[in-house]
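Taking it in order: structure first as structure tokens, then the write-up.
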Amino acid sequence: MYELSVSRTFVAQHYLTVPDPGPEGELHSHRYEADLRLRGESLNEFGYLVDIDDVRVALDDVVERYRDATLNDLPEFEGENPSAEHLAREFCDRALAPLDADAVSEATLRLWEDEEAWVAFERPV
Numbered sequence: 761m762y763e764l765s766v767s768r769t770f771v772a773q774h775y776l777t778v779p780d781p782g783p784e785g786e787l788h789s790h791r792y793e794a795d796l797r798l799r800g801e802s803l804n805e806f807g808y809l810v811d812i813d814d815v816r817v818a819l820d821d822v823v824e825r826y827r828d829a830t831l832n833d834l835p836e837f838e839g840e841n842p843s844a845e846h847l848a849r850e851f852c853d854r855a856l857a858p859l860d861a862d863a864v865s866e867a868t869l870r871l872w873e874d875e876e877a878w879v880a881f882e883r884p885v
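First residue of the sequence shown: 761, per my numbering; consecutive thereafter.
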């Protein structure tokens with residue numbers, strides 16, 4: 761199994777919308793680190809799982825969407841609590857969309873909310 765990983769950091773704001781969220785219910789920011797891991801059994805015709813430069817560009821585009829944004833104001837979080845778990849799913853799906861990733865079978869987006877805590881979203885590709 762081959763695996764490729766590229767990471768990016770960014771700051772975004774949100775406030776949780778669940779009942780009794782405590783201080784997390786107030787607008788606050790996190791310095792997120794997003795790590796996209798792609799896995800597959802074989803390589804493409806060029807000997808790549810996926811072109812790493814294409815992954816970098818895809819991540820940069822997603823980071824640009826979320827950097828300095830208030831997640832609650834974005835359409836993808838309408839009606840949803842903008843949790844780290846939901847952000848990990850959205851980030852992963854947006855990063856995968858432009859990639860030519862025929863050799864990739866699995867993707868995992870690990871999202872650190874701070875130095876101690878992370879969530880992950882995993883899906884087949």
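Note that CB positions come from ideal geometry on N, CA and C, so glycine has one too.
If you pair each beta-carbon of the region 774 to 783 with each one of the region 842 to 861, do three or more pairs fall below 8 Å?
Put simply, the region 774 to 783 touches the region 842 to 861. At least three CB pairs are less than 8 Å apart.
Tell me the DSSP secondary structure of glutamate 850 in three-state form.
Looking at glutamate 850 - three-state DSSP - the assignment turns out to be helix.
Between the Cα of arginine 799 and the Cα atoms of His846, Val766 and Pro783, which residue gives the shortest distance?
Of the candidates His846, Val766 and Pro783, the one whose C-alpha sits nearest the C-alpha of arginine 799 is Val766.
Count the other CB atoms within 10 Å of the CB of valine 864; is the residue buried (16 or more) or exposed (fewer)?
Burial state of valine 864 is buried, judged by a 10 Å Cβ sphere holding 16 or more other Cβ atoms.
Please classify valine 815: does DSSP put it in a helix, a strand, or coil?
Residue state, collapsed to three classes: helix.
Return the Cβ separation of leucine 869 and leucine 796 in integer angstroms, given the expectation that the two are a contact with Cβ distance under 8 Å.
The C-beta distance from leucine 869 to leucine 796 rounds to 5 Å, short enough to fall under 8 Å.
Taking only runs that begin and end inside the region 787 to 815, name each unbroken beta strand (DSSP E) of 3 or more residues, in chain order.
Qualifying beta strand (DSSP E) stretches, in chain order: 788 to 800.
As assigned by DSSP and simplified to three states, the class of valine 771:
Looking at valine 771 - three-state DSSP - the assignment turns out to be strand.
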